[in-house]
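> I'd like to ask some things about the structure below.
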Amino acid sequence: MAEKEATVIVVDLSPFMAESHMAAAKGQSDIEMCIKYICDKIGSKVLSERKTDVVGIVGVGTDDTLNRMSEDDAYKHISILFQIRQFLYRDYQLLPKKLVPSLKSHGDLISGLVVAMDAMAQYCRHLKYTKNIVILSNCAGPVDFSGIDGIIDKLAEMKVNLSILYVRPERRLTAVFNHHHSTVGADEGTSTAMQRANHDLLTDFIDSVVGRELNAVLAPFAEVLRDLEIPHVRKVRSTNSYNGTLTIGDPNQFNDALVIPVERFAYVKKATPISSVAYTKPKGTVPTSPTRPTATRLGRKVKYEITVSKESEDGKKEKNVQEVEKGDLKKGYRYGASVVPLSAEEEDNLRFLTIASLDIIGFVPFETIGPWQLLTETNFVIAKRNEQEATLCLSSLIHAMFENQLYGVARFVSKSDRLPVMILLMPFITEAFEALVETQLPFAEDVRSYKFPSLEIIRTIKGKILKEHHYLPTQEMKNNMKDYINAMDISNLTPEGLVGRLDDPDGREFAAVGEIFNPVLANTRHAIMYRALHPDDELPPPSDSLLRDTYPPEALVKQASTIADRLIESVSVKKIAKYKTNKRRYAAEAEEELKQESILNVDEIIGGKTSKDDSEERKTKRQRVDTTGDEENGDFDIEAEIEKWQRIEAGPESDAALPRIYEQACASIDMLLSDENPDLATVIKKVTILRSAAIKLEEPGWYNNYVMKLQDSLIMGGPANSARSKIWEEILLKDLGGIAVNDADLED
Amino acid sequence: MDSDVAMNQVQDVDDDVIEEFDFRNQKDAILYCIEVSPSMLETINPDEGDHITEPTSAARIALESAYMMLQQRIISQPNDAFGILLFGTKDQTDPAYESCLMLMELAVPEASEIKYIKEILEDDDKFDSVFTPSDTPPSIVNTLFCANQQFNAKSGTYMFQRLFLVTNNDNPSESRPDVRKAARTRIHDLIGLGVRIEPFFLKTERQPFDTSKFWEDVIYSGYKSDDYVDIQPILITAKQGLQMKAHVKARQTPRHAIFSVPLEIVPGKLSIGVKGYVLFKRQEILRSHYVYEQEGEQAVIARSHAQYVSVTEETDMTTALATKSMKVTPKVEEIDKNEAKRGFKFGGEVLPFTPDEIQSLRTVGQAGIRIIGFKPIKLFDPSYNMRQSYFIYPSEEDFVGSIRTFAALHSSLLDENKFAVAWVKPTVRTSPFLAALVACPEILEHENGRDEQKQSPGIFVIRQPFADDIRDFPSRPYNDIKVSSERTD
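Here the protein sequences come in this chain order: A and B. The first sequence finishes on residue 748 if you use the numbering used here, and the numbering steps up by one all the way, no holes. The second sequence finishes on residue 489 if you use the numbering used here, and the numbering steps up by one all the way, no holes.
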């Protein structure tokens with residue numbers, strides 16, 4: 001159960017707030033920046049939907065006066081804009097409309113604080129609440145600090161956490177370097193003598209509040225705004241997921257078996273983004289009252305149906321779909337094509353009965369378990385809280401495992417009658433905290449033993465072992481890669497973002513675990529709050545600041561660039577122009593492209609036009625040739641076609657044009673194949689040309705890439721499309737399969 | 001809650017779905033071909049002094065392995081097709097395919113068929129009558145053609161099609177070169193059809209198996225050079241029946257990539273192609289179904305489909321006032337799919353979002369793996385584990401030179417004891433995450449006269465948590481209790 005929390009925000013709405021005092025705000029007025037802050041803070045509370053996280057807003061400098069002490073002149077122009085309550089959408093969307101600076105009225109900030117305290121006291125009464133008051137102001141108007149001692153006494157009595165967020169008066173530059181911002185900044189812009197005077201008084205005030213052992217901060221607004229960029233992490237109070245014993249040896253059997261009472265808590269657990277829901281707008285015009293939501297959320301109802309095949313009177317089989325009631329259904333399992341129904345009773349009998357337990361089976365050296373074998377999110381196993389002996393006992397086990405570099409392997413049942421799992425227990429020791437960290441290990445059937453060829457040697461067909469091959473890196477490549485890896489070490493960067501010395505005290509680990517936030521969570525959160533305030537606008541692009549640390553640090557990349565260039569040159573990787581191959585999706589697109597780029601006439605380039613009769617004749621010829629098994633094809637002059645390709649290659653724009661022409665040639669084949677009865681001879685001819693051209697141009701990848709997709713499109717059609725699979729058979733028969741780069745080279 | 005109407009069960013696509021999607025609905029087809037010949041049926045006696053192991057034969061071990069596999073798959077992947085083809089038998093199923101006996105047609109198996117195989121294994125007479133060799137040695141070309149027909153009949157409905165070929169004949173062509181050529185063509189045909197061939201070549205102490213005589217040439221001719229086919233013969237002894245089963249089990253799941261992305265090594269300048277695989281995955285018990293059973297008829301599975309409903313709670317105010325108790329009768333109304341919109345809850349309202357907007361919030365950036373930098377391996381902390389790892393291996397498909405560059409990266413990471421920190425987005429529709437790229441070396445073990453690859457070389461992609469995913473340490477009253485090092489000795 002989360003603690004109850006009440007927050008009152010006191011916001012300055014005097015005319016000065018319409019001015020801009022912050023350089024970092026880029027011309028936005030102070031009140032606009034405050035609204036940003038308020039919307040973000042309150043938005044999180046709205047999203048959390050916690051009934052016990054309540055907020056109120058007090059405006060200082062409003063034209064009206066709306067508070068319980070309004071008779072007193074000191075409390076003029078102070079209004080409670082929002083009574084303390086759980087904020088809902090309809091309150092939230094009013095925020096920008098209500099938080100408008102007055103044109104003429106001024107109010108006193110300290111009086112505003114008193115109104116806030118009064119409202120708080122009235123709401124919380126004697127109940128246990130975490131109480132927060134936040135004051136937002138640029139302190140440009142006079143502040144009355146008379147009677148402040150009484151206020152401090154009251155604050156202490158109520159145990160209020162006080163934050164004053166203000167525009168820092170003096171102009172100064174500070175170099176800031178923290179985990180998230182390596183920028184130099186914090187120029188607070190211009191300030192008045194009044195602001196400077198107020199600043200000193202506020203500092204004294206906060207100091208005396210802190211002196212009363214209260215939480216109080218006085219923070220410059222620019223810093224607060226930067227903090228807004230750091231996403232919220234929703235704190236989850238964890239509850240234990242196992243409460244039992246850790247044993248070594250069976251205590252029922254052996255007297256000296258070790259039994260330690262332990263609990264288990266989540267350590268790493270994926271925070272899931274907010275889920276969307278289905279809803280519908282009510283039909284017709286329903287009068288919307290402010291208390292009635294305008295959308296109805298939808299649930300799901302599951303319906304069941306079966307297919308019944310019946311033999312009709314004339315002996316034909318008919319299939320009928322029939323809806324069935326859930327109550328008439330039984331549970332069952334599939335056993336191949338058969339269905340095995342199981343009654344609840346039978347299922348109970350099959351259940352694997354277990355008793356909650358955590359039994360260490362043995363210990364293994366650290367290095368025997370590869371980190372890639374771990375399966376699940378991790379948990380802490382700690383000694384049962386409040387049990388001193390258990391704490392000591394587990395601590396000795398943790399230290400013994402750590403010193404001997406051993407992991408524990410255990411059988412674990414988290415709750416009785418759950419299936420047992422094998423877990424790994426890793427000793428975890430920090431200054432303040434000790435535990436065993438637990439994660440699941442795979443069972444034999446969870447491991448897929450796929451095999452992949454060695455990366456060090458190449459085994460040829462004949463069993464010969466090659467150590468030099470274009471699939472294998474040379475020593476030079478390896479050396480360059482090692483240099484690059486060391487140049488791009490981000491484990492200890494200097495403040496300038498370069499590789500630091502190992503003992504550099506200012507060094508920090510870049511992209512350390514726990515410093516990068518999930519952009520999906522933050523984006524979703526921002527988008528929802530944005531939509532709440534701007535229902536008709538398009539969503540803004542996601543913030544870049546979240547992803548800053550997911551790129552290599554710029555300064556480092558720059559410094560390593562010569563090493564990188566050496567590496568790039570030695571490995572000489574070439575991208576293969578990718579042909580858009582998803583035919584269904586791209587067919588129309590490709591056709592369009594062809595039309596547009598008709599300057600490059602593919603047919604002209606490869607083989608000219610073949611008249612229908614001509615190809616017909618070829619087809620019969622081909623079939624005759626097939627039966628003799630002769631693979632010669634003197635029908636057309638491949639050499640001449642290839643020459644054409646090479647001419648294009650030698651041409652001025654070959655690099656850019658060639659892949660495109662190749663793609664178009666491929667597309668032209670696809671278009672041929674989109675006919676219901678594609679002309680086999682033409683297809684084969686074009687494929688032959690493509691293949692030879694790819695070999696001549698030393699771009700086997702182009703062809704291989706294409707022919708692979710071609711295969712898919714030809715044989716995926718199923719038996720209904722036997723004509724197409726014939727084409728593929730023919731392609732294989734003519735040895736037009738992929739160009740085996742490796743094999744070709746090995747023959748030499 | 002009424003189980004018929006589940007509120008808020010409408011979930012978004014989670015990023016873990018990437019494997020679920022790929023593996024749950026896949027249909028796999030395996031045709032298990034076993035040669036029947038006098039040598040396959042020859043009795044293999046256990047070692048002297050071994051009284052537990054029973055005498056057996058290569059053919060029997062092969063069928064036992066097939067049965068074991070069938071039993072496992074039918075529970076874990078009941079949608080898969082399985083077939084058993086014996087070749088070299090006296091009987092034949094179809095006169096067109098001489099000496100080919102379809103013990104089990106390639107289809108989703110029926111319980112009765114599985115029972116039939118069990119009977120054959122348990123009843124020696126039945127076994128002998130089925131496993132009767134023909135007078136003339138079988139034609140391998142004919143067998144492959146028969147297998148082709150089995151796959152062809154339902155081509156396109158399977159995602160992965162594999163042919164398990166069990167034989168102890170290392171030279172079925174004898175001295176006829178045309179057989180070799182024809183066999184190559186058949187292998188090409190099968191591969192062209194999308195069938196992967198997994199040979200299980202059996203040798204015994206007395207009868208060796210020389211793969212170079214015939215098979216190397218025939219099998220390898222159809223494969224791409226960077227593919228891995230294990231053609232090393234397996235030693236069969238009476239005890240090694242288990243060994244054979246282990247081999248069959250190892251090849252149970254077809255190797256296939258679940259993503260294929262560029263791996264960026266130098267920002268903006270050097271990328272290579274890699275494919276991602278899942279090597280560790282919990283085998284869950286397949287969920288149960290609702291079935292409908294009628295007297296005297298076979299039970300059928302009831303298909304379920306969800307219907308959106310709106311639940312409005314109508315309160316009868318008059319009775320409520322009279323009885324002082326609110327009587328709520330939920331009114332359930334079915335809603336047309338097109339009328340249902342999606343949005344996010346926010347303070348008692350639902351804010352509208354288009355499906356595209358929801359999708360774009362989930363999927364930030366381009367698919368790919370981007371190396372951010374490198375760190376010493378000692379900084380890698382396994383206690384931050386999130387989920388099972390992905391395995392990546394290079395592919396030349398999109399970038400020529402990927403394999404050598406990957407190999408250089410792989411060996412450098414191992415030599416320098418480092419790992420790479422990377423930003424990973426495996427597919428277009430998944431959310432990105434931070435990961436550690438940890439290289440693992442190839443491990444070979446020499447056993448039973450052959451080098452067994454125990455661990456393939458490659459790089460594991462291990463997901464690391466975001467700040468949002470890390471929980472605080474649980475609070476404890478005895479934080480200060482610790483043992484001094486002496487006490488642990």
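For every residue, glycine included, the Cβ atom is placed at its ideal position computed from N, Cα and C. Quantities reported herein were computed from a predicted structural model and do not represent experimental measurements.
Could you tell me the alpha carbon to alpha carbon distance between B:Ile372 and A:Glu213, rounded to whole angstroms?
Each residue's Cα considered, the two are about 45 Å apart.
> Can you look up A:Asp630 in the DSSP assignment and give me helix, strand or coil?
A caution first: A:Asp630 carries a pLDDT of 35, below 50, which makes its placement in the model unreliable, though a value can still be read off. Note: A:Asp630 maps to coil in three-state DSSP.
> Let's test the definition: count the other Cβ atoms within 10 Å of the Cβ of A:Glu71 and tell me whether it reaches 16, buried, or not, exposed.
exposed
> For a quick check, are the C-beta atoms of B:Ile44 and B:Met244 less than 8 Å apart?
It is not a contact, given that the beta carbons lie outside the stated cut-off.
> Terminal residues of the continuous alpha helix (DSSP H) containing A:Asn751?
Summary: the structure shown does not reach residue 751 of chain A, with chain A confined to residues 1 through 748, and so no result is reported for it.
> Please name the residue in A:Lys330, A:Leu298, A:Arg68, A:Tyr335 whose C-alpha comes closest to that of B:Ala340.
A:Leu298
> Taking C-beta pairs closer than 7 Å, name the residues in chain B that A:Asp503 reaches, listed in chain order.
By Cβ distance, chain B contributes nothing, its closest Cβ being about 14 Å from A:Asp503, past 7 Å.
> Using a Cβ-Cβ cutoff of 9 Å, what residues of the segment 442-459 of chain A are near chain B? List them in chain order.
Pro442, Phe443, Ala444, Glu445, Asp446, Val447, Arg448, Ser449, Tyr450, Lys451, Phe452, Pro453, Ser454, Leu455, Glu456, Ile458
> Does A:Lys734 come within less than 8 Å of chain B when only Cβ atoms are used?
no
> For A:Asn486, decide whether its Cβ has a neighbour in chain B, counting only Cβ atoms nearer than 8 Å.
yes
> Let me confirm a value: B:Gly401 is counted as buried when at least 16 other C-beta atoms fall within 10 Å, else exposed. Which label applies?
B:Gly401 sits buried, since 16 or more C-beta atoms from the chains shown fall within 10 Å of its C-beta.
> Cβ closer than 8 Å: which chain B residues qualify as neighbours of A:Met422?
Per Cβ cutoff of 8 Å: no residues; A:Met422 is ~11 Å from chain B at best.
> Just confirm the distance between the C-beta atoms of B:Gln161 and B:Phe151, as a whole number of angstroms; I'd bet it's less than 8 Å.
5 Å
> Go ahead and pull the three-state DSSP assignment for A:Lys609.
With a pLDDT of only 40 at A:Lys609, under the threshold of 50, the placement of this residue in the model should not be trusted, and no figure is reported.
> If you count every other CB in all the chains shown that lies within 10 Å of the CB of A:Arg508, and 16 or more means buried, which is it?
buried
> From the DSSP output, in three-state form, read off A:His534 for me.
coil
> Report yes or no: do the segment 62-70 of chain B and the segment 315-333 of chain A share at least 3 C-beta pairs separated by less than 8 Å?
no
> Measure the alpha-carbon distance for A:Ser44 versus A:Arg531 and round it to whole angstroms.
Between A:Ser44 and A:Arg531, the C-alpha separation is close to 14 Å.
> In this structure, how does DSSP classify A:Gly244 when only helix, strand and coil are distinguished?
strand
> Buried or exposed, going by whether 16 or more other CB atoms sit within 10 Å of the CB of A:Thr430?
exposed
> Would you call the segment 378-395 of chain B and the segment 362-375 of chain A touching, i.e. three or more CB-CB distances under 8 Å?
These segments touch.
> According to DSSP, simplified to helix, strand and coil, what is A:Pro96?
helix
> May I ask which residues mark the beginning and end of the alpha helix (DSSP H) holding A:Ala487?
475-487
> So is B:Thr43 in contact with chain A if we call contact Cβ pairs under 8 Å?
With 8 Å as the cut-off, B:Thr43 does not count as an interface residue toward chain A.
> Would you list, in chain order, the members of the segment 331-364 of chain A that have their beta-carbon closer than 7 Å to a beta-carbon of chain B?
Those would be Lys331, Gly332, Tyr333, Arg334, Tyr335, Gly336, Ala337, Ser338, Val339, Pro341, in chain order.
> Roughly how many angstroms lie between the CA atoms of A:Met481 and B:Pro426, to the nearest whole one?
24 Å
> Looking only at C-alpha atoms, which of B:Glu293, B:Glu333, B:Tyr290 sits nearest to B:Tyr308?
B:Glu333
> Pick out whichever of A:Ala140, A:Leu103, A:Lys159, A:Val302 has its Cα sitting closest to the Cα of A:Met120.
A:Lys159
> Who are the Cβ neighbours of A:Glu554 in its own chain at under 8 Å, not counting the five residues just before and after it?
Gly497
> Does the segment 359-372 of chain B come close enough to the segment 351-368 of chain A that 3 or more CB-CB pairs lie under 8 Å?
no
> Measure from the C-beta of B:Ala147 to each C-beta in chain A and report whether the shortest distance is under 8 Å.
no
> Can you tell me whether A:Glu223 is helix, strand or coil according to DSSP?
Here DSSP, grouped into helix, strand and coil, assigns A:Glu223 to helix.
> Per DSSP, what kind of secondary structure is A:Met426 in: helix, strand or coil?
strand
> Would you decide whether A:Lys686 is buried or exposed? Buried here means 16 or more other CB atoms lie within 10 Å of its CB.
buried
> Let me see if you follow: with CB-CB separation under 8 Å, is A:Trp728 close to chain B or not?
yes
> Using only the alpha-carbon positions, how far apart do A:His534 and B:Thr363 sit?
23 Å
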